[in-house]
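Down below is the structure, laid out as structure tokens.
2 protein chains.
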Amino acid sequence: MNISVLITDDHPIVRAGIRALISNEPDMQVVGEACDGAEGVALHEEYEPDVVLMDLRMPNMDGIAAIRAIRAASPNRRIVVLTTYDGDADIHRALDAGACGYLLKDTLGREVVNAVRTAADGRKVIPPGVAGRLAEFTPRLDLTPRELEVLAYAAKGLRNKDIARVIGRTEETVKVHLKHIMSKLGATDRTEAVTIALQRGILHMDS
Amino acid sequence: MNISVLITDDHPIVRAGIRALISNEPDMQVVGEACDGAEGVALHEEYEPDVVLMDLRMPNMDGIAAIRAIRAASPNRRIVVLTTYDGDADIHRALDAGACGYLLKDTLGREVVNAVRTAADGRKVIPPGVAGRLAEFTPRLDLTPRELEVLAYAAKGLRNKDIARVIGRTEETVKVHLKHIMSKLGATDRTEAVTIALQRGILHMDS
DNA sequence: GCCGTGCTACCTCATACGAGGTATTGCGAT
DNA sequence: ATCGCAATACCTCGTATGAGGTAGCACGGC
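Just so you know, the protein sequences line up as chains A and B, in that order. Heads up, the first sequence is in this note's numbering, so the first residue is 3 and it goes up one at a time. Heads up, the second sequence is in this note's numbering, so the first residue is 3 and it goes up one at a time.
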């Protein structure tokens with residue numbers, strides 16, 4: 003029994019760390035390293051690894067999209083997310099996309115290799131902390147695509163009137179969207195809605 | 003010539019990666035690993051390393067405070083920041099605190115070990131990307147402590163009136179602070195001010 | 001067929017917000 | 001001693017914001 007692992011992470015230092023951890027284990031080996039999502043999808047086709055360790059925020063193609071692409075091509079591939087982001091939205095989206103595990107980068111090396119074994123064995127890997135984060139926000143209330151769009155513009159400082167103009171709707175409609183957003187997120191105003199959305203991984207700052 | 007290095011980072015995986023990189027070099031060695039700022043300060047006293055590699059966001063004591071503490075105790079200690087945060091405010095604060103280098107975690111392993119050599123040699127290590135980020139925001143306009151406090155409350159969704167109450171000032175004063183904040187950050191409203199402050203590392207979400 | 005939901009749009013109304021201004025105090029630097 | 005600036009506070013004014021409500025339309029699931 004020899005577990006093959008593909009690492010997908012844009013940080014060379016992290017890749018080196020994972021490689022070092024896995025090389026110490028007799029029952030597993032790193033068969034490839036990808037530095038972005040697109041390369042991860044390509045290398046997974048080439049190496050057909052037992053387990054893919056996947057970061058989330060990466061250039062070219064983010065981890066969620068890469069997970070979806072890999073699962074579409076190989077529905078049985080085991081993918082474990084290994085990232086610094088602990089927002090419930092990130093976790094939900096990763097698991098929905100087909101990840102079978104979700105680890106944070108403050109996980110101990112021993113637990114990472116154990117997670118790889120667990121995943122290779124076909125079981126899910128959700129540490130208590132991650133599971134607790136999911137439980138914090140039940141029932142799950144996702145923002146709709148339109149609401150996400152409106153919130154992103156609000157984060158950029160656009161007024162309701164300007165948001166209405168750029169999405170081609172009336173200001174009244176924008177106000178309704180924002181009311182729903184604040185209600186779903188439990189925010190008192192648009193500013194707190196943005197803060198909460200960023201904390202929970204619903205919105206990202208890079209755009 | 004043998005350069006001793008202390009690693010301070012809360013991610014075991016990152017520590018393993020740095021350790022692996024440095025172990026490959028004949029002229030340097032890792033003498034210790036700290037998993038938070040407080041431990042970094044303590045271990046630096048014990049090992050007196052030539053170079054300290056320091057993360058910024060950590061439990062117990064953040065990297066900036068740790069840099070200040072180490073430089074206060076040992077003004078000649080060379081400290082190189084190695085972090086994922088690329089906001090100009092983070093970079094400025096680290097260099098002000100006494101860091102002699104600032105690397106991002108997407109730096110190649112080869113460049114990390116070269117940076118360690120450069121730092122041990124007494125020279126500064128500021129890659130072009132990091133320097134460019136600093137140049138983007140010249141002249142430098144720091145928020146005052148009061149402005150930071152007001153902005154943090156605004157991010158939490160407090161109204162001007164409520165902010166005034168919690169800081170024991172009038173609402174008019176809060177409005178003036180917010181005007182200055184928006185002016186300094188180039189924001190059109192409080193929401194964009196929060197977004198910009200988070201992007202630039204002026205404000206953090208964890209509080 | 002029916003129901004839920006996303007999206008749209010309108011209404012009213014009170015208040016919060018931000019732009020513009022002036023001005024005083026106190027502190028640290030030159 | 002003087003200058004600059006942070007911090008405080010007041011003023012006016014127009015507009016933006018958010019709470020509350022109602023309602024139509026389209027689409028997909030059951």
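For glycine and all other residues, C-beta sits at the position ideal for the given N, C-alpha and C.
Per DSSP, reduced to three states, the secondary structure at Ile204/A is coil, with no helix or strand assignment. According to the DSSP assignment, Val118/A belongs to the alpha helix (DSSP H) that extends over Gly111 to Ala122.
Close partners of Arg192/B in chain A (Cβ separation under 7 Å): Thr193.
The beta carbon of Asp38/A does not come within 8 Å of any beta carbon belonging to chain B, so the residue lies off that interface. In terms of beta-carbon proximity, Asp64/B stays away from the interface with chain A, with every pair separated by 8 Å or more.
Residue pairing by DSSP places Val7/A opposite Val32/A and Val53/A in a beta bridge. For Met207/B, the C-beta contacts it makes with chain A under 8 Å involve Thr197, Leu200 and Gln201, in order along the chain. Within the same chain, and ignoring the five residues on either side of Pro14/A in sequence, the residues whose Cβ sits closer than 8 Å to its Cβ are Cys37. The DSSP-derived three-state label of Thr140/B is coil. Leu84/A is bridged by DSSP to Leu105/A. Counting along the chain, the unbroken alpha helix (DSSP H) around Glu149/A starts and ends at Pro147 to Ala157. Think of a sphere of 8 Å around the beta carbon of Asp108/A: the chain B residues whose beta carbon falls inside it are Asp12, His13 and Pro14, in chain order.
Per DSSP, Met184/A is one residue of the alpha helix (DSSP H) stretching across Glu173 to Leu187. About 4 Å separates the beta carbons of Val127/B and Ala117/B, which is inside the 8 Å limit, making them a contact pair. Only residues of its own chain outside the window of five on either side were considered, and among them Glu173 have a CB closer than 7 Å to the CB of Lys163/B, listed in chain order. Bounds of the alpha helix (DSSP H) holding Arg167/B are Asn162 to Ile169. Taking C-beta atoms under 8 Å as the contact rule, Ala68/A and Gly39/A qualify, at a distance of about 3 Å.
The beta-bridge partner set that DSSP reports for Val127/A consists of Gly103/A. In this structure, DSSP gives Asp64/B a state outside helix and strand, which the three-state scheme calls coil. Short of 7 Å from the beta carbon of Leu143/A, and not among the five residues preceding or following it, lie these beta carbons of its own chain, in chain order: Lys186. Sequence-distant Cβ neighbours of Asp11/A in its own chain, meaning closer than 6 Å and more than five residues away, are Arg17 and Asp57. Only those residues of the segment 104-132 of chain A whose C-beta falls short of 8 Å from the nearest C-beta of chain B are listed: Lys107, Asp108, Thr109, Leu110, Gly111 and Val114.
Across the set Asp108/B, Thr85/B and Thr109/B, the C-alpha of Thr85/B shows the shortest separation from the C-alpha of Ala101/B. Exclusion of the five residues before and after Val132/A leaves Asp88, Ile93, Tyr104, Leu105 and Leu106 as the residues of its chain whose Cβ lies within less than 8 Å of its Cβ.
Nearest CB-CB separation between Leu150/B and chain A: not below the 8 Å threshold. Proximity of the segment 183-198 of chain A to the segment 182-200 of chain B meets the contact definition, three or more beta-carbon pairs being nearer than 8 Å. Taking CB atoms only, Gly19/A has a neighbour in chain B less than 8 Å away.
With a beta-carbon spacing of about 5 Å, Leu8/A and Val54/A fall inside the 8 Å limit used to define contacts.
Counting C-beta atoms within 10 angstroms of its own C-beta, Met207/B has fewer than 16 neighbours from the protein chains shown and is therefore classed as exposed. Under a criterion of Cβ atoms nearer than 8 Å, the residues of chain B adjacent to Leu23/A are, in order, Ile15 and Ala18. Taking each of Val82/B, Arg148/B and Leu97/B in turn and checking the Cα distance to Arg119/B, the smallest one comes out for Val82/B. Taking 9 Å as the upper bound on Cβ-Cβ separation, chain B lies near residues Leu84 and Thr86 of the segment 68-102 of chain A. Only those residues of the segment 158-173 of chain B whose C-beta falls short of 7 Å from the nearest C-beta of chain A are listed: Lys158 and Gly159. Under the Cβ distance rule, Ala156/A counts among the residues neighbouring chain B, one pair being separated by less than 8 Å. Burial state of Arg125/A is exposed, judged by a 10 Å Cβ sphere holding fewer than 16 other Cβ atoms. If the five residues before and after His179/B are omitted, its C-beta is found closer than 7 Å to the C-beta atoms of Arg148, Glu149 and Val152, all from its own chain and listed in chain order.
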